[in-house]
Amino acid sequence: MRVNHSANPSGEGEGERGACKSPHSRNGPFCVISCGGSSQGCYIYSDTEIHSTERTSLFALSNMGKITFYEDRSFQGRCYECSSDCPNLQTYFSRCNSIRVDSGSWMLYEQPNYQGNQYLLRRGEYPDYQQWMGLSDSISSCRLIPQHSGTYRMKIYERDNFRGQMSEVTDDCLSLQDRFQLNEIHSLNVLEGCWVLYEMPSYRGRQYLLQPGEYRRYLDWGAANAKAGSLRRVMDFY
C-alpha cells in the first residue's frame, strides 16, 4: 500500500508541515517517509512491499538533513526550518544569529545563490555566528551536502586546466605545504566524496565546498585567488 497524502483532502494522517503521524494498521509494520514537508512527498509503505532495492532509496529519503535558523542569539526570535538546498533565504529572514543543525552537513553562504563567504556546519548547536566563524549575521543561502559512505579521492594541480604537478588526496590534509609542498591550487578534479578546501593550514580561513566534478581554475570553486592551506573530507552520519 502506498498513500500519497496530497490526494487526501481531509488531511487525515498528516502532522505539522506535512509530516506523517504513525498510522495504525492490522497489516503492519509500516515505514513512514516524510520528504521535506512537501505535500507530494509523504508516503506510507507496508514493510512487506519494500524490496531490497526499494529499501536503499527509502533509506536515502529518510536521511534528509535538518537545519534551523534563528534571527537572534541563543536560539531566540523568529526561526526557519530547512531540509534541502535553498538559493535565497532572505525570503524567510533578514538576519541569522544562531543555528541548530539536527542532521546532515551544511554549507552556508553569506550571499544568495551560493555566493560569498562559505561556512561548513555539522550536527550541533551554534548560539552565535562567531561559533561558525562568521563575519556577520548575514546568511542568505544554504546547501545540504550529500551523504557519502564510500572512499574519498581528488586530484590537485599546481596550474590551471589540470596542468603541472599533480597530487592525489584520499584523506584529510592538515597542511598542503607540509605534505605536497603546495600553498596554491590552480585546478582540481574531485573524483569521490565532498570536500572543503581551506585557504590556510589547520582548517582555518576561507572555506570552499568541493563536490564531485572538474574545476579548471580557482574561480570555479568561488575563490578570488589560488591560495590553499588544507583539505578536509565532509563526513557526517545522519
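Just so we're aligned: 26 in UniProt numbering is position 26 of the sequence shown, and the numbers increase by one with no gaps anywhere. By construction, the Cβ of each residue, glycine as well, lies at the ideal position given by its N, Cα and C atoms. Given the structure is predicted, the values throughout are model-derived calculations rather than measurements.
Note the first and the last residue of the continuous beta strand (DSSP E) segment covering residue i.
i: R143; result: 141-145
i: R153; result: 153-159
i: Q165; result: 163-169
i: L108; result: 105-111
i: Y198; result: 195-200
Let me know if residue i comes out buried or exposed under the rule of 16 or more other beta-carbons within 10 Å of its beta-carbon.
i: G150; result: exposed
i: R179; result: exposed
i: S202; result: exposed
i: K230; result: It is worth fixing the name first, because residue 230 is Ser in this sequence and not Lys. Counting Cβ neighbours within 10 Å, S230 comes out buried, since at least 16 surround it.
i: S10; result: With a pLDDT of 40 at S10, under the threshold of 50, the modelled position of this residue cannot be trusted; read the value that follows with caution. It counts as exposed.
i: R78; result: exposed
i: L182; result: buried
i: D236; result: buried
i: S105; result: buried
i: T53; result: Any reading at T53 must be qualified, since the residue scores a pLDDT of 39, below 50, and its modelled position is unreliable; the value itself is stated next. Exposed is the call here.
i: G193; result: buried
Using C-beta distances below 6 Å, list every residue in its chain close to residue i, excluding the 5 sequence neighbours before and after it, in chain order.
i: T48; result: For T48, the pLDDT reaches just 38, beneath the cut-off of 50, and the residue's location in the model is therefore unreliable, although a value from the coordinates is still provided. Answer for T48: no residue qualifies.
i: Q111; result: S140
i: G222; result: Y208
i: R206; result: E199
i: M166; result: K155, Y157
i: Q76; result: none
i: D72; result: N97
i: A224; result: none
Report the three-state DSSP secondary structure of residue i (helix, strand or coil).
i: S98; result: strand
i: residue 286; result: The displayed coordinates of the chain run from 1 to 238. Any statement about residue 286 would go beyond what the structure contains.
i: S230; result: strand
i: F69; result: strand
i: R123; result: coil
i: Y129; result: helix
i: L176; result: helix
i: L210; result: strand
i: S149; result: coil
i: L219; result: helix
i: S187; result: strand
i: S74; result: helix
i: G134; result: coil
i: L182; result: coil
i: M235; result: coil
i: S203; result: It is worth fixing the name first, because residue 203 is Tyr in this sequence and not Ser. Here Y203 sits in coil by DSSP.
Looking only at its own chain, which residues have a Cβ that is under 8 Å from the Cβ of residue i, when we skip the five neighbours before and after it?
i: S84; result: G36, M64, G65, L144
i: I185; result: I156, Y157, E158, L176, L197, Y218, A226, A228
i: L191; result: R153, M154, K155, P212
Flag residue i as yes if its beta-carbon sits less than 7 Å from any beta-carbon of chain D, otherwise no.
i: I185; result: Protein chains in the displayed structure number just one, and chain D is not present.
Here's a check: name, in chain order, each residue in its chain whose Cβ is nearer than 7 Å to the Cβ of residue i, leaving out the five neighbours to either side.
i: Y114; result: P87, S141, R143
i: Q90; result: P112, S140
i: M133; result: Y119
i: N161; result: S187, R216
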